[in-house]
Amino acid sequence: MQLSDSLELYQWLEKQDLLASKPPLWWPSYGTFEVIVGAILTQNSKWEKVESSLANLRENDLLSLEALSVIENDLLMTLITPSGLYKTKARYLKRLAIAITDEFGDFELFCRDVDREWLLEQKGVGPETADSILCYACERAEMVVDAYTARLLNAFGMEYELYEDIQSWCRSGIEDGYEEERFAEVYALFHGMIVEYVKVNSKGKVVTLLPVS
DNA sequence: GGCCAGGTGTAAA
DNA sequence: TTTACACATGGC
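Per my numbering, the very first residue in the first sequence carries number 960; after that it's consecutive.
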């Protein structure tokens, strides 16, 4: 199968009902501060492990900007141990919570005023984490690219490597195919469907493309 | 028991 | 400006 643009890929994925058992816009707790924490914790880790770290934080009433800004470092490390890289992630999380509070005041104002540049200046926030926060926490029209995206495009015979190249390829077809007010929703679903498709249809790093009738 | 997971920062070449 | 390498747990 040959892809002419990302709109075709998006609509091909849509036909496969990949998000039936998922939250409406795929990321759990879409539009909340939890997404920021999840975006850091999921780096080079599996989502199931992130869930147990998030549950640990939630049980202790620590899943908020205010609580994470003042949390004891040892406690934070202990609670997020299940998702790995816990020393660095604990450092990143607390620094980010403090930075958001200092710069924007609260989560709502952060969502309104933050931009990609500011996020990328924060330690521990690279392109994927920044875009995940913008897309799923701030409800912005931002396309998230990750290892799954690259693998799926590879399976279609495309040889993208740069994050921005994949991202602009994904965006261009959507911008032509949908009204602007739907971009935020469509990008959120697009990335989610890619992840779910690759999870189901890959063995190791090889993605199998299944025809959809 | 090695490999991998929804990356990122840093130190060498 | 590119290319290693560290970070770390837990599931397969």
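The C-beta atom is built at its ideal place from N, Cα and C for all residues, glycine as well.
Every value quoted in this text rests on a predicted model; they were computed, and no experiment measured them.
With respect to Val1104, Gln1126 sits close: the two C-beta atoms are nearer than 8 Å. In the structure shown, the three-state DSSP call for Lys1046 is helix.
Around the beta-carbon of Glu993, 16 or more other beta-carbon atoms lie within 10 Å, marking it buried. Restricted to the region 1055-1119, the alpha helix (DSSP H) segments that are unbroken, complete and at least 4 residues in length are 1066-1072, 1075-1080, 1086-1091, 1106-1114, listed in chain order. By the Cβ neighbour-count rule, Ala1109 is buried, with 16 or more other Cβ atoms within 10 Å of its own. Counting the other CB atoms within 10 Å of its CB gives Asp1135 a total below 16, which places it among the exposed residues. Taking C-beta atoms under 8 Å as the contact rule, Ile1153 and Leu966 fail to qualify, at a distance of about 14 Å. About 32 Å separates the Cβ atoms of Gln975 and Leu1044, ruling out a contact at the 8 Å cut-off. DSSP places Lys1164 in the coil class of the three-state scheme, outside both helix and strand.
Excluding sequence positions up to five before and after Ser1012, its CB lies within less than 6 Å of the CB of Leu1000, Ile1039, Pro1041, Ser1042, all in the same chain and listed in chain order. Taking every protein chain shown into account, the CB of Leu977 has 16 or more other CB atoms within 10 angstroms, so this residue is buried. In this structure, the alpha-carbon of Val996 lies about 16 Å from that of Leu1079. When the five nearest sequence neighbours on each side are left out, the beta carbons in the same chain lying within less than 7 Å of the beta carbon of Asp1065 are those of Leu1024, in order along the chain. Taking 8 Å as the upper bound for CB-CB distance, Leu1093 and Glu1101 are in contact here, some 4 Å apart. For Ser1028, the enclosing alpha helix (DSSP H) begins and ends at 1024-1028. Here Trp1006 is not near Gly1151, since their CB atoms are 8 Å or more apart. Going by DSSP, Lys981 is part of no alpha helix (DSSP H) at all; its letter is neither H nor E. The beta carbon of Thr1047 sits closer than 8 Å to the beta carbons of Gly1083 from its chain, once the five residues preceding and following it are set aside; these are given in chain order.
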